[in-house]
Amino acid sequence: MFLTENQAGTAVCLLLAGVLLLIGIQGTPLIRFGSGEHSFELDTARRTEEIAERVAEVAAADPEQAEALLEGFLTANPAALSEPRMKEVQRLVYEQQLHNVLADLAPNGVGDHRFSDFTIPMTQGRNLYVEVHFAFDEDERHRNFRRRKMNTIVTDLHKDRSGGGFIVITNSASVSLQLTEFVESAKAQFTVDPRPVVVVAWRDSSDNEQLAAAINSFEIDSSRNLSKTA
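First residue of the sequence shown? That's 2 in the numbering used here, and the numbers climb one at a time after it.
Laid out in structure tokens, this is it:
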């Protein structure tokens, strides 16, 4: 028990200094310390934002290093995984990794298009549209959104006769099955044969061969088959 407010304040400051020293030595994350009027909250949101900005900056040049930075931070701060900024950065890193893989697989390069995230040149001036669907979870709440998205893709491709096909790439094998179901349902609304739409799961380089096979099925304009990098 403290006799004066000054004594109480001094004790709190000394204890806080000890905790901050522990953080400096061990990297211990601290959200709130103390109670009542003598409580302190460290700015974890600022730390999360700083890491997110750093990861986004690195991802453009080296997505593998960016992924390592992100995983290291989330391992030490698992609560940050639910932060919208962290989810945004996860998606960004995944898309950059995928872009680099597609650039290796498609000898004619990868471009952008208003219909999709990426495009790959095909024969007769057509494009293979690439839609990236990064699934943060497999919650049923996202089911209707995914259904609408696949319906839009199939419908837009049917209207755009210059398109050679659509490939939807996701990071989840189970979500890829769900998306395939929605694609087939959307195709059923057309009396004429709709343009091909393929869904494939890609998580890392171990799925490159599967991705290459899916792309090759669209008859890419190339003097050679797409390579299957390991």
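Note that CB positions come from ideal geometry on N, CA and C, so glycine has one too.
Just to confirm my understanding: we take residue 82, look at its own chain, exclude 5 residues before and 5 after, and list those with CB closer than 6 angstroms. What are they?
Start at 1 with the first residue of the sequence shown, and residue 82 comes out as number 81. Hits under 6 angstroms: 75.
Count the other CB atoms, across all protein chains shown, that sit within 10 Å of the CB of residue 145; report buried if there are 16 or more and exposed otherwise.
As a position in the sequence shown, residue 145 is number 144, starting the count at 1. Exposed is the call here.
Pair within 7 angstroms by beta-carbon distance, residue 123 and residue 165:
Taking the first residue of the sequence shown as position 1, residue 123 is located at position 122. Taking the first residue of the sequence shown as position 1, residue 165 is located at position 164. Result yes, Cβ atoms of residue 123 and residue 165 sit closer than 7 angstroms.
Give me the DSSP bridge partner(s) of residue 198.
Within the sequence shown, residue 198 is the residue found at index 197, counting from 1. According to DSSP, which records beta bridges pairwise, residue 198 is partnered with 167.
Report the residue from 86, 65 and 62 whose alpha carbon sits nearest the alpha carbon of residue 1.
Because the chain spans 2 through 231 in this model, residue 1 falls outside it and cannot be assessed.
For residue 98, which residues in the same chain have their Cβ closer than 6 angstroms to its Cβ, ignoring the five residues on either side in sequence?
Your numbering for residue 98 matches position 97 in the sequence shown. Correct list, in chain order: 64.
Just mark residue 54 as buried or exposed, buried being the case when its beta carbon has 16 or more other beta carbons within 10 Å.
The residue given as residue 54 occupies position 53 in the sequence shown. Label assigned to residue 54: exposed.
Write down every uninterrupted run of the alpha helix (DSSP H) in the segment 63-124 whose length is 4 residues or greater and which is fully enclosed by it, in chain order.
64-77 and 85-106
Evaluate the contact criterion for the segment 147-154 versus the segment 177-186: three or more CB pairs, one atom per stretch, below 8 angstroms.
yes
Does residue 128 pass the burial test, meaning 16 or more other C-beta atoms within 10 Å, or should it be called exposed?
By one-based count along the sequence shown, residue 128 stands at place 127. Result: buried.
Inspect the beta-carbon positions of residue 172 and residue 135 and report whether they are closer than 7 angstroms.
Counting from 1 along the sequence shown, the entry for residue 172 is found at position 171. Counting from 1 along the sequence shown, the entry for residue 135 is found at position 134. Contact: yes.
Can you check whether the CB of residue 94 is closer than 7 angstroms to the CB of residue 60?
Working through the sequence shown from its first residue, we reach residue 60 at position 59. Working through the sequence shown from its first residue, we reach residue 94 at position 93. For residue 60 and residue 94, yes; Cβs fall inside 7 angstroms.
Within the same chain, show all residues whose beta-carbon is closer than 8 angstroms to that of residue 168, passing over the 5 residues directly before and after it, in chain order.
One-based indexing of the sequence shown puts residue 168 at position 167. The residues are 129, 130, 131, 132, 198, 199, 200, 201, 215, 216 and 219.
By how many angstroms is the C-alpha of residue 104 removed from the C-alpha of residue 113?
Here the question's residue 113 lines up with position 112 in the sequence shown. Here the question's residue 104 lines up with position 103 in the sequence shown. Taking the straight line from one Cα to the other gives about 12 angstroms.
With C-beta atoms as the reference, is residue 56 less than 7 angstroms away from residue 70?
The residue labelled residue 56 in the question sits at position 55 within the sequence shown. The residue labelled residue 70 in the question sits at position 69 within the sequence shown. Contact flag set, yes.
Could you give the distance in angstroms between the alpha-carbon of residue 80 and the alpha-carbon of residue 137?
The residue given as residue 80 occupies position 79 in the sequence shown. The residue given as residue 137 occupies position 136 in the sequence shown. Each residue's Cα considered, the two are about 15 angstroms apart.
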